[in-house]
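Student: Pasting a structure here, questions to come.
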Amino acid sequence: MEDIIINNLDYPVLTVSTFLPMAGALIILFLKRGPFIKWFALATTVATFIVSLPIYKHFDKTTYKMQFVEIYSWIPTWNINYKVGVDGISVLFIILVTILSILCVSVSWKAIKEKTKEFYISLLIMETAMIGIFVSLNMFLFYLFWELTLIPMFLLIGVWGGPQRIYAALKFVLFMLAGSVLMLVGIIVLYYAGGKTFDILELSKVNYPAGTQLWLFLAFFAAFAVKMPMFPFHTWLPDAHTEAPTAGSVILAGILLKMGAYGFLRFSFPMFPHAVNVLFIPLLILSVTAIIYGAYVTLMQKDMKRLIAYSSVSHMGFVTLGLFTLNQNGIEGGILQMINHGVITGALFLCVGMIYERTHSRMIEDYGGLSKTVPVFIVFFSIFTLAAIGLPGMNAFVGEFLIISGAFKANMIIAAFSILGVVLGACYMVWLYYRVALNEINTTTQSSLVDLDLREIATLAPLVLLVLIIGLQPNILLSYMHVSVEHLIEQLHNSIILENINAYDTVSSIAEYVKALFKWA
Amino acid sequence: MDIAQFFTSADLYGIAPEIILTITALSVLTLEMFHVFRSKIILMVAALGLLLASSVVINTISDERILFGGMLVLSRYSAFFDSLYIFIGLITLIFSHGYMEKKGGRTRGEYPALIIFAVIGMMLMTRANDLVIVFLGLELLSLSLYVLVGFLRHDDLSNESGLKYLLLGAFATGFFLFGAAITYGATGTTNYSGIILAITNDTILSSTYLSLGIGLLLIGFAFKVALAPFHMWSPDVYQGAPTTVTGFLCTAPKAAGFGALLILFNRAFVEIHYQWQDIFWILAALTMTVGNISALVQSNVKRMLAFSSVSHAGFLVIGVLVLDETSISAVLFYLVVYSVINLGAFAIVSAVETEKEGLVFEDYRGLAAKHPWLSAAMTIFMLSLAGFPPTAGFVAKYGLLSAAVAKGYIGLVVIGVLNTLLSIYYYLRLVVNMYMQKEERAILPSYGMVLTGLIGIMAILMIILGIIPGYLLEIAAKAAIFTS
Chain A
2 MEDIIINNLD
12 YPVLTVSTFL
22 PMAGALIILF
32 LKRGPFIKWF
42 ALATTVATFI
52 VSLPIYKHFD
62 KTTYKMQFVE
72 IYSWIPTWNI
82 NYKVGVDGIS
92 VLFIILVTIL
102 SILCVSVSWK
112 AIKEKTKEFY
122 ISLLIMETAM
132 IGIFVSLNMF
142 LFYLFWELTL
152 IPMFLLIGVW
162 GGPQRIYAAL
172 KFVLFMLAGS
182 VLMLVGIIVL
192 YYAGGKTFDI
202 LELSKVNYPA
212 GTQLWLFLAF
222 FAAFAVKMPM
232 FPFHTWLPDA
242 HTEAPTAGSV
252 ILAGILLKMG
262 AYGFLRFSFP
272 MFPHAVNVLF
282 IPLLILSVTA
292 IIYGAYVTLM
302 QKDMKRLIAY
312 SSVSHMGFVT
322 LGLFTLNQNG
332 IEGGILQMIN
342 HGVITGALFL
352 CVGMIYERTH
362 SRMIEDYGGL
372 SKTVPVFIVF
382 FSIFTLAAIG
392 LPGMNAFVGE
402 FLIISGAFKA
412 NMIIAAFSIL
422 GVVLGACYMV
432 WLYYRVALNE
442 INTTTQSSLV
452 DLDLREIATL
462 APLVLLVLII
472 GLQPNILLSY
482 MHVSVEHLIE
492 QLHNSIILEN
502 INAYDTVSSI
512 AEYVKALFKW
522 A
Chain B
4 MDIAQFFTSA
14 DLYGIAPEII
24 LTITALSVLT
34 LEMFHVFRSK
44 IILMVAALGL
54 LLASSVVINT
64 ISDERILFGG
74 MLVLSRYSAF
84 FDSLYIFIGL
94 ITLIFSHGYM
104 EKKGGRTRGE
114 YPALIIFAVI
124 GMMLMTRAND
134 LVIVFLGLEL
144 LSLSLYVLVG
154 FLRHDDLSNE
164 SGLKYLLLGA
174 FATGFFLFGA
184 AITYGATGTT
194 NYSGIILAIT
204 NDTILSSTYL
214 SLGIGLLLIG
224 FAFKVALAPF
234 HMWSPDVYQG
244 APTTVTGFLC
254 TAPKAAGFGA
264 LLILFNRAFV
274 EIHYQWQDIF
284 WILAALTMTV
294 GNISALVQSN
304 VKRMLAFSSV
314 SHAGFLVIGV
324 LVLDETSISA
334 VLFYLVVYSV
344 INLGAFAIVS
354 AVETEKEGLV
364 FEDYRGLAAK
374 HPWLSAAMTI
384 FMLSLAGFPP
394 TAGFVAKYGL
404 LSAAVAKGYI
414 GLVVIGVLNT
424 LLSIYYYLRL
434 VVNMYMQKEE
444 RAILPSYGMV
454 LTGLIGIMAI
464 LMIILGIIPG
474 YLLEIAAKAA
484 IFTS
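Protein chains in written order, with the working numbering: chain A, 2 to 522; chain B, 4 to 487.
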């Protein structure tokens, strides 16, 4: 029990913040249809945000241990406990979820006119599932929340989405499930391999045989890589992001994509260090491929939402690049970049959603000269565009800088290629900005464009603040994760130390493990 | 002749539930003769009889008791199944109220009587400790079902499926009987305890004969629970039968079949179970895959559910393949969950359908807008069938997969989860139609308060069992302990 610090606040803070949205959803279920529902949903998300704040106030940054831990017996027949807790890696995601959820309710205020009740129920269940994923310390519980995200998202895309919504929704679920069922097999195998327990901390201590590690890594990789999404598993993403309603896109880009990366940090790294050490070069190559390929595809897009969706592929490539450098800078940069991407891409989706609401067009060619027609909107849009490019002083710069410096430590060539992604990122964002904000005024949509109202400004303003705060003082966030990341790297290097890995070593060791793999099977 | 030499009062006490049910069935038939009682009253009398029998079953739960000189064995296991059958029968009776009238028929007294006879047959199957008793139970069950399937006399489809079921079912019964005879030839007995004794003492005539006998028995069971490639009858029969009967048909006999198969292999053939592992492996993989792929292309909801039940049978074979306490308790849990889901789903199908139509996917378009609660319940049932957490379907599936992994059948587990992936598509198709499509033609679901309430309770139960399955898991675990 030395790995955990039992919750010492006077209320079970993690459980309450996880299940408060769910409770709100249950109450909405029995409310009469009407405008009251969205007020109630807003109140629920704000309340969740407020209850989760003490986590940050009382978080002990000097330890890697799990904090605010709660343990209850749940299914004794299978030795399953309800166990939640946070450490430096997961703690920041909770606030990301609670903030984005408030903004999602706010941005849907007028956009969702049909079946509002069902919409807010889905949204709130989604929030519970997302917080649940980041606080679970039990594999079974984790899987439950992991899958719980699928159905509300399926409904969000399929019921309130664009013209291709059904196709996109089914594609989303099938892709997600293809990954997660394989993870389920991995979880069950892990349960027996790790001594019949689902406790993530216990399982992290076990030293698994090399062949087992590789198989399990691949099983979990299936789920995480699809969710991230890593190249070449990304094809669901543009459809889902494009067709989803604005709130759905924000949740998808802001949080769902991070679940995969978080999975790598929570499961793959501490449990399968051997496999990670063997595979990290191919994974780095995949990451760089995603960065460059994603950026090129983004350049070609004509649909604004699709453009931002594809840019996520590139950005998530940076995140995986950071994680798989396996050093302090890279991993911290990766985690920071996840938060940054959630903020920036979430904000960009909000922006596009707001003008889509007015003109019902997402095509870039329908816009032009918005800086003259809707100046307030363009102020926000400019800030987020610059942030996405990685302008120094804004949040993405810090993240990308850390990631690339980590990458140079891990592998020069790969790091050099990743720089190309930064350049291309500037290209597609600036070009988008030029076509939409500058250029000549496009008369087709001009008449319906009205500038932002107070609610919309209030939706975007917190994100501007986050962009600047993280950009100027990244230590506020980084200080939370230092110790935990150090511990994670220790775990990674505990079982095996590989020095000076070059291409030949990688190939030969993979060949070795493939052999071991077949022997094990 | 002294009757006491055949059975004792303890024996009679043991079969008290069967006796109560028989009396109920006969009195229901008698009531029908008077032509004065409304169908509601007749259904109520039948339901009361079932309730009485269930209370007897639950109050006499005990460790293993041998009755009738080794013909029947009562245990927690059999009590678990008895309660399940009675529960299914009861729910079916409640859902049946008014259904036949809607389809232009009449809920005659024979209907509840036949359901009760089927329940008695199933109870015999899982209480049996002798192949002859299994056969008796199987026949009682099957004969009742043949009539029930063709109950809508004026409906061509119902008649056709009744005849189809009779012909193929009789064929399967032949296999079963032949298998029992050859097993008798090989071991000199039809009693489970005798068979295992003969196998352990190696006094069997020829192991080839025994294998032949077991194989034929297995084919008989495979027909009854619809395992591929013996599943061909099920979509046609499920489609043609009155929907309430389909609900019964797809849950109870499957439970009875697996209950009897498990106990047969656990008591009689446990020593040579390892020889049959490859067969079970293939049966499981084949049944899951065939059921799911066929379900993908169905346009009729009843046929889709029929093929889905085939694929679920494939999943349950995993339990027979592994055959230890964990897997048997997983099968028991799975059967309960599966029964509740399918009863609920078919109840909704029966509410949505009209006299002539209302059974294809398109008819469900836009249902969510008009009937939000009904659609929500159907969604829960579909997600539960697909095995989405946090529904009970997930816990059930997890239990079986976990038991299989523990014994090292990882390949089969991977096939199983990939099949789950396939199945998502057709289960979600219904959800897509209900929530995401615009209504095309007006259908008017008709359902009463009782039906709505019961469906709601069952849907909530599926969520509750998905979140806190501990209690039922413990019961199942206790029922799965054999003192052999």
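Beta carbons: idealized from backbone N, C-alpha and C, even for Gly.
Relative to the C-alpha of proline 233 of chain A, which candidate in A/Lys66, A/Gln302, A/Ile345 and A/Tyr294 has its C-alpha closest?
Tutor: Measuring from the Cα of proline 233 of chain A, the nearest candidate turns out to be A/Tyr294.
Student: For the region 404 to 428 of chain B, list every residue whose C-beta sits within 8 Å of some C-beta in chain A, in sequence order.
Tutor: Those would be Leu404, Ser405, Val408, Ala409, Ile413, Val416, Val417, Val420, Leu421, Thr423, Leu424, Ile427 and Tyr428, in chain order.
Student: If you draw a straight line from the alpha carbon of methionine 439 of chain B to that of leucine 388 of chain B, how long is it in whole angstroms?
Tutor: Taking the straight line joining both Cα atoms gives about 20 Å.
Student: For tyrosine 193 of chain A, return the contacting residues in chain B, with the cut-off set at a CB-CB distance below 7 Å.
Tutor: The answer, in chain order, is Val408 and Ala409.
Student: Per DSSP, tyrosine 73 of chain A forms a beta bridge with which residues?
Tutor: Paired residue(s): A/Tyr83.
Student: Under 8 Å Cβ to Cβ from threonine 19 of chain A, same chain only, skipping five residues before and after it: list those, please.
Tutor: Cβ within range, chain order: Val85, Thr129, Ile132, Gly133 and Val136.
Student: Contact check, arginine 432 of chain B vs phenylalanine 364 of chain B under 8 Å by CB: the rounded distance?
Tutor: The pair is a contact, with the Cβ atoms about 6 Å apart (cut-off 8 Å).
Student: Provide the residue(s) that pair with asparagine 303 of chain B in DSSP beta bridges, ordered along the chain.
Tutor: Its beta-bridge partners are B/Val363.
Student: Please compile the residues from chain A whose C-beta is within a distance smaller than 8 Å of the C-beta of glycine 172 of chain B.
Tutor: Going along chain A, no residue has its Cβ under 8 Å from glycine 172 of chain B, so there is no contact; the nearest lies around 35 Å.
Student: With alanine 226 of chain A and glycine 261 of chain A assumed to form a contact (beta carbons below 8 Å), what rounded beta-carbon distance in angstroms separates them?
Tutor: Their Cβ separation, rounded to whole angstroms, is 7 Å, which keeps alanine 226 of chain A and glycine 261 of chain A in contact under 8 Å.
Student: Using the beta-carbon of each residue, which ones in chain B are nearer than 8 Å to valine 190 of chain A?
Tutor: What valine 190 of chain A touches in chain B: Val408 and Ile413.
Student: Run the CB neighbour count on arginine 109 of chain B, radius 10 Å, all protein chains shown included, and call it buried at 16 or more, exposed below.
Tutor: Exposed.
Student: How would you write the range of the alpha helix (DSSP H) that leucine 155 of chain B sits in, first residue to last?
Tutor: Here leucine 155 of chain B belongs to no alpha helix (DSSP H), and DSSP marks it neither H nor E.
Student: What does DSSP give as the partner residues of glutamine 68 of chain A in its beta bridges?
Tutor: Answer by DSSP bridge pairing, in chain order: A/Val87.
Student: Once DSSP output is grouped into helix, strand and coil, what is the label at asparagine 295 of chain B?
Tutor: Residue state, collapsed to three classes: helix.
Student: Is the region 339 to 349 of chain A touching the region 361 to 373 of chain A, taking contact as three or more C-beta pairs under 8 Å?
Tutor: No, the region 339 to 349 of chain A is not in contact with the region 361 to 373 of chain A.
Student: Which two residues bound the contiguous alpha helix (DSSP H) that contains isoleucine 336 of chain A?
Tutor: Its alpha helix (DSSP H) spans residues 329 to 360.
Student: Please tell me whether leucine 180 of chain B has its Cβ less than 8 Å away from any Cβ of chain A.
Tutor: No, because no Cβ of chain A sits closer than 8 Å to the Cβ of leucine 180 of chain B.
Student: Cβ of glycine 264 of chain A less than 8 Å from any chain B Cβ?
Tutor: For glycine 264 of chain A, the answer is no, since every Cβ of chain B falls outside 8 Å of its Cβ.
Student: Below 6 Å CB to CB, which residues in the same chain sit around isoleucine 467 of chain B once its five sequence neighbours on both sides are set aside?
Tutor: Cβ neighbours of isoleucine 467 of chain B beyond the five flanking positions: none.
Student: Between lysine 62 of chain A and the rest of its own chain, which residues show a CB-CB distance below 8 Å, the 5 nearest in sequence each way excluded?
Tutor: For lysine 62 of chain A, where only same-chain residues beyond five positions count, the Cβ hits under 8 Å are Gly89, Ser480, Tyr481, His483 and Val484.
Student: Going by CA-CA distance only, name the one from A/Val251, A/Leu266, A/Thr243 and A/Leu287 that's closest to glutamine 528 of chain A.
Tutor: No information on residue 528 of chain A is available, as it lies outside the stretch 2 to 522 that chain A covers here.
Student: Where DSSP assigns a beta bridge to leucine 70 of chain B, which residues make up the other side?
Tutor: Its beta-bridge partners are B/Leu75.
Student: Assign lysine 43 of chain B to buried or exposed, taking buried as 16 or more other Cβ atoms, counted over all protein chains shown, within 10 Å of its Cβ.
Tutor: Exposed.
Student: According to DSSP, is alanine 131 of chain B helix, strand or coil?
Tutor: It is a strand residue.
Student: Per DSSP, methionine 364 of chain A is paired with what?
Tutor: Answer is A/Asp304, bridged to methionine 364 of chain A.
Student: Using the Cβ count rule (16 or more neighbours within 10 Å means buried), how would you classify methionine 413 of chain A?
Tutor: Label assigned to methionine 413 of chain A: exposed.
Student: Closer than 8 Å by beta-carbon distance: list the chain A residues that pair up with leucine 431 of chain B, in chain order.
Tutor: Phe155, Leu171 and Val174, listed in chain order.
Student: When the Cα of alanine 56 of chain B is compared with those of B/Arg41, B/Ser86, B/Thr33 and B/Met36, which residue comes out closest?
Tutor: Here the closest residue by C-alpha is B/Ser86.
Student: Within this structure, are the beta carbons of alanine 241 of chain A and threonine 213 of chain A separated by less than 8 Å?
Tutor: For alanine 241 of chain A and threonine 213 of chain A, no; Cβs fall outside 8 Å.
Student: Closest to leucine 36 of chain A by C-alpha separation, out of A/Val106, A/Tyr73, A/Leu27 and A/Phe141, would be which residue?
Tutor: According to the sequence provided, residue 36 of chain A is proline. The question's leucine does not apply to it. Selected option, being the one with the closest Cα: A/Val106.
Student: Spatial neighbours of aspartate 11 of chain A within its chain, please: CB distance less than 6 Å, with the 5 preceding and 5 following residues excluded, ordered by chain position.
Tutor: Nothing listed; no residue qualifies.
Student: Step through the CB atoms of chain B and report whether any lies within less than 8 Å of the CB of glycine 35 of chain A.
Tutor: By this cut-off, glycine 35 of chain A is not an interface position.
Student: Kindly list the residues whose CB is nearer than 8 Å to the CB of phenylalanine 218 of chain A, restricted to its own chain and excluding five residues on each side of it in sequence; keep chain order.
Tutor: Answer for phenylalanine 218 of chain A: Ser269, Phe273, Ala276, Val277 and Leu280, listed in chain order.
Student: Span of the alpha helix (DSSP H) holding isoleucine 550 of chain A?
Tutor: Missing from the structure shown is residue 550 of chain A; chain A here goes from 2 to 522 and no further.
Student: Quick one: is the Cβ of leucine 157 of chain A within less than 7 Å of any heavy atom of the ligand FMN?
Tutor: By its list of ligands, the structure shown contains no ligand whatsoever, and the ligand FMN lies outside what it can speak to.
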